[in-house]
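A.B. asks: Protein chains in written order, with the UniProt record's numbering: chain A, 1 to 272; chain B, 1 to 158.
Note that CB positions come from ideal geometry on N, CA and C, so glycine has one too.
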Ligand SMILES: Cc1cc2nc3c(=O)[nH]c(=O)nc-3n(C[C@H](O)[C@H](O)[C@H](O)COP(=O)(O)OP(=O)(O)OC[C@H]3O[C@@H](n4cnc5c(N)ncnc54)[C@H](O)[C@@H]3O)c2cc1C
Ligand code: FES
Ligand code: FES
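1) In the DSSP assignment, find the alpha helix (DSSP H) that holds residue 129/B and state where it starts and stops.
2) Buried or exposed: residue 102/A, going by 16 or more other Cβ atoms within 10 Å of its Cβ?
3) Could you please give me the residues that DSSP links to residue 26/A through a beta bridge?
4) If you draw a straight line from the alpha carbon of residue 195/A to that of residue 225/A, how long is it in whole angstroms?
5) Residue 57/B lies in the beta strand (DSSP E); which residues open and close that run?
6) What number of angstroms, rounded off, separates the C-alpha of residue 129/B from the C-alpha of residue 111/B?
7) Less than 8 Å between the beta carbons of residue 44/A and residue 50/A, yes or no?
8) For a contact defined as C-beta to C-beta under 7 Å, what are the partners of residue 51/B on chain A?
9) In terms of residues, what are the limits of the beta strand (DSSP E) holding residue 135/A?
10) Can you find a CB in chain A that lies within less than 8 Å of the CB of residue 56/B?
11) Between the beta-carbon of residue 85/A and the beta-carbon of residue 143/A, is there less than 8 Å?
12) When the distance is taken between beta carbons, is residue 67/B closer than 8 Å to residue 17/B?
13) Once the 5 residues before and after residue 184/A are set aside, which same chain residues still bring their CB inside 8 Å of it?
14) Quick one: what's residue 190/A bridged to in DSSP?
15) Going by DSSP in three states, residue 99/A sits in which element: helix, strand or coil?
16) So, with DSSP's three-state summary, where would you put residue 120/B?
17) If I follow the unbroken alpha helix (DSSP H) through residue 267/A, where does it start and stop?
18) At a Cβ threshold of 8 Å, is residue 136/B touching chain A?
19) Sort out for me which residues DSSP pairs residue 68/A with in a bridge.
20) Just checking: is the beta-carbon of residue 157/B within a distance shorter than 8 Å of some beta-carbon in chain A?
21) Out of curiosity, what's the CA-to-CA distance linking residue 38/A and residue 152/B?
22) Quick one: list the residues of chain B neighbouring residue 93/A, beta-carbon separation under 7 Å, in chain order.
23) Exposed or buried, residue 219/A, counting other C-beta atoms within 10 Å across all chains shown (16 or more means buried)?
24) Indicate the three-state DSSP secondary structure (helix, strand or coil) for residue 42/A in the structure shown.
25) Taking all protein chains shown into account, decide if residue 117/B is buried (16 or more other Cβ within 10 angstroms of its Cβ) or exposed.
26) At a CB-CB cut-off below 8 Å, which residues of chain B make contact with residue 47/A?
27) Give the DSSP-derived three-state secondary structure of residue 90/B in the structure shown.
28) So with Cβ pairs under 8 Å, would you call residue 131/A a contact of chain B?
29) Quick one, which of 270/A, 22/A and 19/A has its alpha-carbon nearest residue 229/A's?
30) Nearest chain A C-beta to residue 147/B closer than 8 Å, yes or no?
31) Let me check understanding here. Comparing Cα to Cα, which of 21/A, 47/A, 167/A and 40/A lies closest to residue 87/A?
32) With a threshold of 8 Å between beta-carbons, can residue 44/B be considered close to chain A, or not?
33) Who are the near neighbours of residue 15/B in its chain, counting only those whose CB is closer than 8 Å to its CB and skipping five residues on each side?
34) Count the C-beta pairs between the region 137–150 of chain B and the region 89–107 of chain B that are closer than 8 Å, then say yes if the count reaches three, no if not.
35) Specify the secondary structure class of residue 158/B as computed by DSSP and reduced to three states.
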């Protein structure tokens, strides 16, 4: 079925068009939207596009990093100043998907996708959105909790603070097929260290709930401690708390619960 | 619903077509331009046989909204041969038995070309990574990897 495609020069015009039409869908890289259209998804009658340069901007020189919503994973991989995001970017799709898929689209990608968003959740990113009401910044956690209700808002950019060191940010995606494959589970940890102790631990999990979630019990087990074997063991055994994984073709909920602690332990202890 | 005019460069030649809203680039290439080299495998991004290059970057044509290539350059397997001669990658695929049914071959060749354009002497792991979005259901991957490495190693002359 043919759909109407509306292309706008500015993000604000596109946001206006999105907020006024319930059946409109924004086109990022299109890797999921076009899939839906190819399948004959009749809930989409209008496609909204924005050709605003601001959406493709990367600001990565300072301590605060901002990625326009239309920035692709291939561009992140080409940016040396974004090396802390290379592991999550590289873990997505094959080369063509990385050339097409965007950071903004990843925020909406359902399980088993949304790997990059797991990294952004651990990094406590801020999402800049524009709706009919104007633009505002939302914490990524709040954004994800209300994701189903975000239809009609345009994501403009995502920003986060650069981790203090390479060890302070870790990422691990468990897939059955390598180098490309959907996530069985995805984990990311931000472990800022202050005076030899963890201060402000954030652990994020993908495919362990309907959206990416924080493993708060594991975070509590790490907080204020040094990253030693006992602390790691305590965090790993708390990893399933608050999770609600599902069965899918890549793994059962039971399997996910069994392995999440194992992989969190490996992530925290720096094992391959 | 009215048709949308669309102009872009197809293997170096300017083309102009009319598409329905929501048409993907694979359909536009095959049904409106008559270039049958990009194949339809899944329409889901999963198989890679529809791979083309847009402004020199590997893209999946089935997941590309046709209108987004306005004013851009699209290269397909059809543009790969050099006059009457096969491209070195095509020769290497033939010499190394890298195609059995051949359905995956257009995508494999585009993915390989995208790699070699950027990195003329890739490692085996880089070749594997480069074709990781392309599924082959019958040759098996080894002859394909070897064919690409043969070109990279310069054993197949241009
Ligand atoms: C073969 C294949 C393999 C894949 N592998 C992975 C993988 O390993 N890991 C992974 O995480 N994902 C994977 N994906 C899923 C997808 O490619 C990525 O999640 C990608 O980041 C989605 O981005 P997009 O720009 O293509 O999204 P689109 O398809 O353009 O959009 C997806 C959704 O987000 C909305 N949206 C997009 N941008 C915005 C915006 N700026 N504001 C508001 N709404 C917006 C759209 O309206 C739509 O609902 C894969 C997809 C395919 C086809
Ligand atoms: S047809 Fe495009 S990836 Fe399969
Ligand atoms: S040669 Fe048959 S699918 Fe690859």
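C.D. replies: Quick answer:
1) 124–130
2) buried
3) 48/A
4) 10 Å
5) 57–60
6) 10 Å
7) no
8) 96
9) 134–139
10) no
11) no
12) no
13) 112, 174, 175, 176, 207, 250, 251, 255, 256 and 259
14) 169/A and 202/A
15) helix
16) coil
17) 253–268
18) no
19) 157/A
20) Residue placement at residue 157/B is poorly supported in this model, since its pLDDT is 47, which falls under 50; the coordinates are not used for a value here.
21) 36 Å
22) 133
23) buried
24) coil
25) exposed
26) 21, 22 and 65
27) helix
28) no
29) 270/A
30) no
31) 167/A
32) yes
33) 7, 8, 9 and 33
34) yes
35) Note on residue 158/B: pLDDT 42, under 50, position unreliable in the model; the coordinate value appears next. Reduced to three states, the DSSP call for residue 158/B is coil.
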